[in-house]
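Engineer: What follows is a structure written as structure tokens; I'll ask about it next.
Residue numbers (this note's numbering): 725 to 875.
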């Protein structure tokens, strides 16, 4: 009995270590894709986690501060454009629906989809993209650029 328990725990430990290594490899792959296609990994990673945590904790003031304005949001086929943080804050509950919150909450960093347009969360409910800070686009600050569901 003790031997079978020890074997079970050894197998469980090996599985946990392997899972951790795979997760780290996936995160490294996402980091590499961001670096190659979009720019500074640290900026995108910081935005992803700040947005996710703020949304999960209901910190609406932080959530809206991470969005690029103006933003046109599509929820269940209905479009609405928000020009400022205050406007989005006023419409917060109609934009950050259960579908949007779940998509973000369920997203693991190592499973993000990355292309030259940005970083996709969920099935495209939210996109993080670099937003040009000047007309020459010498610098692009990552922001929440797309919010949509039910499309």
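Every residue gets a Cβ at the ideal spot worked out from N, C-alpha and C, and that includes glycine.
Based on Cα-Cα distance, which residue from 865, 873, 802 and 769 lies nearest to residue 850?
Structural biologist: If you number the chain shown from 1, residue 850 lands on position 126. When each option's Cα is compared against that of residue 850, the closest is 873.
Engineer: Report the three-state DSSP secondary structure of residue 793 (helix, strand or coil).
Structural biologist: Walking along the chain shown from the start, residue 793 turns up at place 69. Coil, per DSSP.
Engineer: Under 8 Å, with one C-beta from each stretch per pair, do the region 779–796 and the region 862–869 reach the 3-pair mark?
Structural biologist: They touch, by the three-pair rule.
Engineer: What is the DSSP secondary structure of residue 873, counted as helix, strand or coil?
Structural biologist: In the chain shown, the residue the question calls residue 873 occupies position 149. Strand, per DSSP.
Engineer: What's the call for residue 842, buried or exposed, on a 16-neighbour Cβ count within 10 Å?
Structural biologist: Taking the first residue of the chain shown as 1, we reach residue 842 at position 118. So residue 842 ends up on the buried side.
Engineer: Any chance the region 776–789 sits against the region 857–865, with 3 or more Cβ pairs inside 8 Å?
Structural biologist: No, they do not touch.
Engineer: For the beta strand (DSSP E) containing residue 804, name the first residue and the last one.
Structural biologist: In the chain shown, residue 804 corresponds to position 80, counting from 1. It spans 802–806 - the beta strand (DSSP E) in which residue 804 sits, taken as one unbroken run.
Engineer: When DSSP labels each residue in this structure, what does residue 812 get in the three-state scheme?
Structural biologist: Within the chain shown, residue 812 is the residue found at index 88, counting from 1. It is helical.
Engineer: Take every Cβ of the region 765–773, pair it with every Cβ of the region 812–825, and state whether three or more of those distances are shorter than 8 Å.
Structural biologist: No, because fewer than three Cβ pairs between the region 765–773 and the region 812–825 fall closer than 8 Å, the two stretches do not touch.
Engineer: May I have the straight-line CA-CA distance separating residue 751 from residue 797, to the nearest angstrom?
Structural biologist: Start at 1 with the first residue of the chain shown, and residue 751 comes out as number 27. Start at 1 with the first residue of the chain shown, and residue 797 comes out as number 73. Taking the straight line from one Cα to the other gives about 29 Å.
Engineer: Report the option in 803, 838, 811 and 810 whose CA atom is closest to the CA atom of residue 754.
Structural biologist: By 1-based counting over the chain shown, the position of residue 754 is 30. Checked all of 803, 838, 811 and 810; the closest Cα to residue 754 is 838.
Engineer: Could you check the C-alpha separation between residue 758 and residue 765 for me, to the nearest Å?
Structural biologist: As a first step, residue 758 must be located in the chain shown, where it is residue number 34. As a first step, residue 765 must be located in the chain shown, where it is residue number 41. Cα-Cα distance, rounded: 6 Å.
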